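Numbering (this note's numbering), first residue to last: 119 to 399. Have a look at the structure below, then the notes.
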């Protein structure tokens with residue numbers, strides 16, 4: 119049996135176990151997936167112990183960067199992003215990958231939206247924004263970043279790093295109303311890569327959907343609730359919206375390809391997550 123799991127702190131809210139085990143049942147795969155709540159001080163010993171017996175792990179907050187110290191080899195994308203969310207163990211060695219960015223891109227492709235040649239505005243500059251920024255550039259998108267004033271330097275630093283590593287051009291846009299309105303006129307895809315709107319603070323939104331022009335695809339990486347205030351208001355105006363469930367599913371699907379070499383049934387994964395979220399309401 120393949121032993122898999124998620125390591126982070128906390129992990130109780132995670133949909134990963136429900137999602138992955140639905141695939142194992144559907145395909146008859148002999149594997150189990152468990153949640154491991156591990157604080158920072160225990161990460162090294164946990165990874166060392168997992169080298170023997172585990173097939174792989176997902177890694178979540180707060181370990182995506184620090185886990186790199188305990189990895190033997192990084193994929194090109196993980197090295198570029200500077201974070202790992204998927205580990206594969208083979209012959210006692212640990213290989214690190216990052217599937218967050220590809221999960222984002224594939225979630226859009228699943229909805230008929232490509233990013234190549236598109237202008238993508240990402241709101242936020244944290245870990246998720248990093249992965250989305252680098253992967254979008256690799257896919258041929260033109261990326262701009264906007265972050266709240268007190269954390270604007272994070273966006274400036276991310277833009278500078280992304281430009282330096284990829285040779286691409288990343289703009290930083292002020293988050294005041296007029297600056298956003300002006301910049302949105304040329305945007306194709308708007309992404310909320312912040313936690314704003316996540317349960318239980320569901321009546322909060324990172325941006326007023328009323329200023330988003332027609333034709334812009336609105337993406338929210340928050341998956342609980344499935345329809346955030348931002349998506350609800352954008353949808354009411356007739357804009358195409360993509361929920362965070364897609365990114366969750368597609369990053370998980372890519373992890374299963376890495377660990378097990380299988381092609382996971384995406385609809386099974388979507389259904390498992392949506393059902394679990396509905397039960398939790």
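Cβ atoms here follow ideal geometry from the backbone N, Cα and C, with glycine treated the same way. Just so it is clear, the structure is predicted and the values come from calculations on it, not from any experiment.
Beta-carbon gap between residue 360 and residue 197 smaller than 7 Å: In the chain shown, the residue the question calls residue 360 occupies position 242. In the chain shown, the residue the question calls residue 197 occupies position 79. No, the Cβ-Cβ distance between residue 360 and residue 197 is not below 7 Å.
Proximity to residue 201 [Cα-Cα], best of 160, 124, 219 and 210: Mapped onto the chain shown, residue 201 falls at position 83. Of the listed residues, the one whose Cα sits closest to residue 201 is 219.
I'd like the ranges of any beta strand (DSSP E) spanning at least 3 consecutive residues and lying wholly in the region 196-227. For secondary structure counted as the beta strand (DSSP E) over 3 or more consecutive residues, the region 196-227 holds these complete runs in sequence order: 204-208 and 211-215.
For the structure I just gave you, are there three or more beta carbon pairs, one from the region 388-399 and one from the region 130-139, closer than 8 Å? Taking 8 Å as the limit for Cβ pairs, the verdict is that the region 130-139 does touch the region 388-399.
Just to confirm, is the Cβ distance from residue 315 to residue 322 under 7 Å? Reading the chain shown from its first residue, position 197 is the one you call residue 315. Reading the chain shown from its first residue, position 204 is the one you call residue 322. In this structure, residue 322 lies closer than 7 Å to residue 315 by Cβ.
Evaluate residue 382 with the Cβ neighbour count: other Cβ atoms within 10 Å of its Cβ, from every protein chain shown; 16 or more gives buried, anything less gives exposed. As a first step, residue 382 must be located in the chain shown, where it is residue number 264. Residue 382 comes out buried.
Distance check for residue 291 and residue 325, CA to CA, integer angstroms please. The residue you call residue 325 lines up with position 207 of the chain shown. The residue you call residue 291 lines up with position 173 of the chain shown. Between residue 325 and residue 291, the alpha-carbon positions lie close to 14 Å from each other.
Identify whether residue 386 lies in helix, strand or coil by the three-state DSSP scheme. Numbered from 1 along the chain shown, position 268 holds the residue referred to as residue 386. In the structure shown, the three-state DSSP call for residue 386 is helix.
DSSP state of residue 284 mapped onto helix, strand, coil: As a first step, residue 284 must be located in the chain shown, where it is residue number 166. Judged by DSSP in its simplified three-state form, residue 284 adopts helix.
Per DSSP, what kind of secondary structure is residue 392 in: helix, strand or coil? As a first step, residue 392 is located in the chain shown; it is residue number 274 there, counting from the start. Residue 392 falls in the helix class under three-state DSSP.
Roughly how far, in whole angstroms, is the beta-carbon of residue 284 from the beta-carbon of residue 252, given that I think they are within contact range, below 8 Å? The count along the chain shown starts at 1 and reaches residue 284 at position 166. The count along the chain shown starts at 1 and reaches residue 252 at position 134. The distance from the Cβ of residue 284 to that of residue 252 is about 7 Å, consistent with a contact at the 8 Å cut-off.
Which full runs of the beta strand (DSSP E) of 3+ residues lie inside the region 272-338, going along the chain? List check, beta strand (DSSP E) in window: 288-290, 307-310 and 335-338.
Which residues mark the beginning and the end of the alpha helix (DSSP H) in which residue 240 is found? In the chain shown, counting from the first residue as 1, residue 240 sits at position 122. Unbroken run through residue 240 is the beta strand (DSSP E), 237-241; no alpha helix (DSSP H).
Where do the ends of the beta strand (DSSP E) carrying residue 351 lie? Working through the chain shown from its first residue, we reach residue 351 at position 233. Where residue 351 is concerned, there is no enclosing beta strand (DSSP E), although the alpha helix (DSSP H) it sits in stretches over 347-354.
At a cut of 8 Å, does the region 229-238 reach the region 179-190 through at least three beta carbon pairs? Output reads no: the region 179-190 does not touch the region 229-238.
Considering Cα atoms alone, identify which of 177, 249 and 341 is closest to residue 366. Reading the chain shown from its first residue, position 248 is the one you call residue 366. Per the Cα distances, 341.
Which whole-angstrom value is the C-beta distance of residue 155 and residue 181, which I expect to be below 8 Å? By one-based count along the chain shown, residue 155 stands at place 37. By one-based count along the chain shown, residue 181 stands at place 63. That pair is no contact at about 11 Å.
Given residue 231, which residues of its chain have a CB within under 6 Å of its CB, disregarding the five upstream and five downstream residues? Residue numbering aside, residue 231 sits at position 113 when the chain shown is read from its first letter. Correct list, in chain order: 335.
Can you tell me whether DSSP reads residue 185 as helix, strand or coil? Stepping through the chain shown from its first residue, residue 185 is reached at position 67. The answer is helix: DSSP assigns residue 185 an H, G or I state.
Taking residue 121 as the reference, which of 133, 143, 175 and 146 has the closest Cα? In the chain shown, residue 121 corresponds to position 3, counting from 1. Checking every option, the nearest Cα to that of residue 121 belongs to 175.
Nearest-angstrom Cα separation, counted from residue 302 out to residue 152: Within the chain shown, residue 152 is the residue found at index 34, counting from 1. Within the chain shown, residue 302 is the residue found at index 184, counting from 1. Whole-angstrom Cα-Cα distance: 42 Å.
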